[in-house]
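Residue numbers (my numbering): 12 to 171.
Before any comments, here is the structure.
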Amino acid sequence: MTAHVEIQNACKDDEIPADEEISAWVSRALQAAGRVVDTELAVRVVAIDEMRELNLGYRQKDKPTNVLSFPAGTIEGLPAEAGLPLGDIVVCAAVVRAEADSQGKSLADHWAHMIVHGTLHLLGFDHEDDGEAAEMEALEKEILASHGVANPYTETRSDN
């Protein structure tokens, strides 16, 4: 399995993980979910204004959020040798940093969680009901734990 991940950095932030690190977390999520075909996707890192606009336009929520996923759907006539396009993940660097700070998490760990979370959404995982949420969260915890990241759903300190 190979994953071609295009990284687009559309904001100024010195604490965004390296492209290789983002690609590695995407690949880990794809592998853990059993995705074994060649695939392509984009990860776009944005500032608050762009994320707020996307969240309003697609989810009717007038505020920025941490991560949004936009699945590509099926493309008729795509040659068999072409990588299967999964879609796009959009991450707001400022929201991820603020959440990591407020939740007492390492910024690198929270970035890992957001990339894994967004990738699983592209694969059809969701958390609209309790059963779906439990399945998605269990896979997220498994992926993250196997690479040394603590359970992202455990209560953490609010401030020390």
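Idealized CB from N, CA, C, for every residue including glycine.
**Contacts around V57, its chain only, beta-carbon distance under 8 Å, and the 5 residues preceding and following it disregarded** = Taking the sequence shown and counting its residues from 1, one reaches residue 57 at position 46. Counting only residues of its own chain and dropping the five nearest sequence neighbours on each side, V57 has a CB closer than 8 Å to the CB of A21, C22, L65, V101, V102, C103 and A104.
**Message:** Quick check on this structure: which residue in D60, L95, A145 and D140 has the alpha carbon closest to the alpha carbon of L133?
**Reply:** If you number the sequence shown from 1, residue 133 lands on position 122. For the residues D60, L95, A145 and D140, the minimum Cα distance to L133 belongs to L95.
**Asked** Three or more C-beta pairs closer than 8 Å, one from the segment 118-128 and one from the segment 155-162: is that the case here?
**Response** With a cut-off of 8 Å, the segment 155-162 and the segment 118-128 count as touching, because enough Cβ pairs lie within range.
**Within 9 Å, strictly: CB atoms of N77 and V107** = Position 66 of the sequence shown, counted from the first residue, corresponds to residue 77. Position 96 of the sequence shown, counted from the first residue, corresponds to residue 107. Result yes, Cβ atoms of N77 and V107 sit closer than 9 Å.
**Request:** Please list the segments of the alpha helix (DSSP H) lying wholly inside the segment 106-152, counting only runs of 4 or more residues, in order along the chain.
**Result:** For the segment 106-152, the continuous alpha helix (DSSP H) assignments of 4+ residues that do not extend past its boundaries occur at 118-133, in sequence order.
**Message:** Using C-beta distances below 7 Å, list every residue in its chain close to H128, excluding the 5 sequence neighbours before and after it, in chain order.
**Reply:** Residue 128 sits at position 117 when you count from the first residue of the sequence shown. The beta carbon of H128 sits closer than 7 Å to those of V78 and E151, all from its chain and outside the five residues before and after it, given in chain order.
**Message:** In the DSSP output, which residue or residues are listed as bridge partners for H15?
**Reply:** On the sequence shown, residue 15 is found 4 positions in, with the first residue counted as 1. Paired residues: E51.
**C-alpha distance - I27 paired with S34, whole-angstrom precision** = The residue you call residue 27 lines up with position 16 of the sequence shown. The residue you call residue 34 lines up with position 23 of the sequence shown. Near 13 Å, if we compare the C-alpha coordinates of S34 and I27.
**Request:** Return the CA-CA distance between P163 and E87, expressed in angstroms with no decimal places.
**Result:** Within the sequence shown, residue 163 is the residue found at index 152, counting from 1. Within the sequence shown, residue 87 is the residue found at index 76, counting from 1. Between P163 and E87, the alpha-carbon positions lie close to 38 Å from each other.
**Request:** Measure from the alpha carbon of Q42 to the alpha carbon of each residue in D73, L131 and L118, then state which is nearest.
**Result:** Position 31 of the sequence shown, counting from 1, holds the residue named residue 42. Considering only D73, L131 and L118, the residue with the shortest C-alpha distance to Q42 is L131.
**First and last residue of the uninterrupted alpha helix (DSSP H) at I33** = Working through the sequence shown from its first residue, we reach residue 33 at position 22. Note, I33: alpha helix (DSSP H), D30 to A43.
**Prompt:** What are the residues that DSSP puts in a beta bridge with N176?
**Reply:** The structure shown has nothing for residue 176, since the chain only spans 12 to 171.
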